[in-house]
Amino acid sequence: MKYTEIIVHTNTFGSELVSEIMWEYSDQGVAIEDKNDIKVLNEMKKGSWDYVEENLFKTSEDVLVKGFISENDKKSFEAIKERIEGLKDLGLDIGSLKIEADGIDGDEWREKWKENFKPIHIGKVVVRPEWINYELKDGETEIVIDSNTAFGTGEHETTSMCVYALEKFVKPMDTVIDVGCGSGILGMVASKLGAKKVVMTDIDETAVEAANHNVKLNGVTNAEVLLKNLLDDEAIAGDVVVANIMAEILIGFSKDINKNVLKGGIIILSGILSSKQVEVKDAYIAAGFTHVYTETQGEWCCEVFKKPE
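Read in our numbering, the sequence shown has 1013 at position 163, and its numbers run on one by one without any break.
Okay, here's the thing in structure tokens:
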């Protein structure tokens, strides 16, 4: 199916007004590209992200609101143009409201998008999109991911360091907890490595849905996915606890996560920028954990600790 992508140039204030109009007509959702959002996110001391990719700063100075309608839907296109033009009569500073329209072949776009995903090798673990066939080699473990979800496919350094650590420490009969599970890759890796039980937790409902979907896709039957903050439930404790989350959150966890790690248990922490490695390490040592090792890939670190017997 072919679509028309409609792009309206506005500013941060006007983007809400424009997006409300777009939502009335767009078949495939509405996207907003606002450079100011990226700047604010990068300057925040607290939030959901620890880094912002540099190419996101190269977006247009205008705020771009994008909507998608069927190629032959001339009526909706004219209605959008008329409604956008009407915003100028409000006398508000909402940018130029310039409108662009580009044709998009939906099938072609999806195929090009799929080309960006290839099997990823992390130690003996192979992560692949569900539409790509791969013949496993001796000793390899496969994780299949639906890359339509909004969460990662395992390619980032922080994820790969966690996988390497899981390969070292997960033993049969272990209970493994994946904190902030996202797409569920780490929890599924633990299951495939022989863990007896896996508990995945996240406070994001979309993440829980994605993890549940991927767990079923991989035939993992010993994993439980929970919509909750692990620290709120002292009844959940593991032999191995893994958390790939931003450093500030990991530091906050250090005061309370002790109860969720069994005696002699291992805690694997990643998502840590090198500049924050010492701060994370010091926080967990102060909380009574024994430092095992630090691994570094690029600007990212993974810290591994052990809870005393």
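Glycine included, C-beta positions come from ideal geometry on N, C-alpha and C.
Computed from a prediction, not measured in an experiment: that's the story for all the values here.
task = Quick one: residues in its chain with C-beta nearer than 6 Å to the C-beta of Gly864, no 5 flanking neighbours on either side, listed in chain order?
result = Ile944, Gly945
Contacting residues, own chain, Cβ-Cβ under 7 Å from Tyr875 (five flanking each side not counted) = Gly917, Ile919, Ser926, Ala929, Ile930
When Ala1060, Ile1053, Glu1059, Asn1068 are compared against Val1039, the one with the closest alpha-carbon = Asn1068
Under 7 Å between C-beta atoms of Thr1051 and Lys1078 = yes
ask   = Is it buried or exposed for Ala1045, if we count other Cβ within 10 angstroms and need 16 for buried?
value = buried
key: CB contact flag (Phe1155, Ile1101, <7 Å)   = no
query = Distance, Cα to Cα, Lys938 vs Asp952?
reply = 23 Å
query = Mind checking whether Leu947 and Ile934 have CB atoms under 7 Å apart?
reply = yes
ask   = With C-beta atoms as the reference, is Gly1088 less than 7 Å away from Thr1025?
value = yes
query = Roughly how many angstroms lie between the CA atoms of Met894 and Val1091, to the nearest whole one?
reply = Confidence is the limiting factor: at Met894 the pLDDT is only 42, short of 50, which leaves the residue's position unreliable, though a coordinate-based value still follows. Computed Cα separation, rounded: 27 Å.
request  = Answer with buried or exposed for Asn983, where buried requires no fewer than 16 other C-beta atoms within 10 angstroms of its C-beta.
outcome  = exposed
ask   = So what does DSSP say about Lys908, is it helix, strand or coil?
value = Bear in mind that the predicted position of Lys908 carries a pLDDT of just 47, short of 50, making it too unreliable to give a figure here.
ask   = Relative to the alpha-carbon of Ala1133, which residue among Lys1021, Lys1113, Ala1097 has its alpha-carbon at the smallest distance?
value = Ala1097
task = Would you grab the beta carbon distance between Asn1064 and Gly1034 for me? Rounded to a whole angstrom, and I think it's under 8 Å.
result = 5 Å
ask   = Any idea if Thr1071 is buried or exposed, counting beta-carbon neighbours within 10 angstroms, 16 or more meaning buried?
value = exposed
ask   = According to the neighbour-count rule (16 or more other Cβ atoms, all chains shown, within 10 Å of its Cβ), is Gly989 buried or exposed?
value = exposed
task = Would you kindly work out how many angstroms separate the C-alpha atoms of Arg978 and Pro969, rounded to a whole number?
result = 4 Å
ask   = By Cβ distance, which residues of its chain are closer than 7 Å to Glu904, with the 5 residues on each side in sequence left out?
value = Summary for Glu904: the model assigns pLDDT 47, below 50, so the residue's position carries little reliability, and this model does not support an answer.
key: Per-residue DSSP class, three states only, for Glu980   = coil
task = Check Leu1100 in the structure and name its three-state DSSP category.
result = helix
inquiry  = Looking at the secondary structure, which residues open and close the alpha helix (DSSP H) in which Phe1155 lies?
reply    = No alpha helix (DSSP H) holds Phe1155; the beta strand (DSSP E) holding it covers 1150 to 1156.
message = In the DSSP assignment, the beta strand (DSSP E) including Ala881 goes from what residue to what residue?
response = 880 to 883
request  = Use the C-beta contact count for Lys896: other C-beta atoms within 10 angstroms, 16 or more gives buried, fewer gives exposed.
outcome  = In this prediction, Lys896 scores a pLDDT of 41, lower than 50, which makes its location untrustworthy; the coordinate-derived value is nonetheless stated afterwards. Exposed, since its Cβ has fewer than 16 Cβ neighbours within 10 Å.
query = Can you give, in chain order, each stretch of the alpha helix (DSSP H) that sits fully within the segment 1010 to 1083 and has at least 4 residues?
reply = 1035 to 1042, 1055 to 1067
message = Using only CA atoms, which one of Asp1106, Trp1150, Lys885 lies nearest to Lys1126?
response = Trp1150
inquiry  = Give me the residue from Lys974, Ser1104, Ala1085 with the minimum Cα distance to Gly1138.
reply    = Ser1104
key: Leu937 (DSSP reduced to helix, strand or coil)   = helix
Alpha-carbon spacing of Lys1109 relative to Ile1086, whole angstroms = 8 Å
ask   = So, helix, strand or coil for Asn1094, using DSSP?
value = strand
Proximity of Ala1061 and Val1075 at Cβ, strictly below 7 Å = yes
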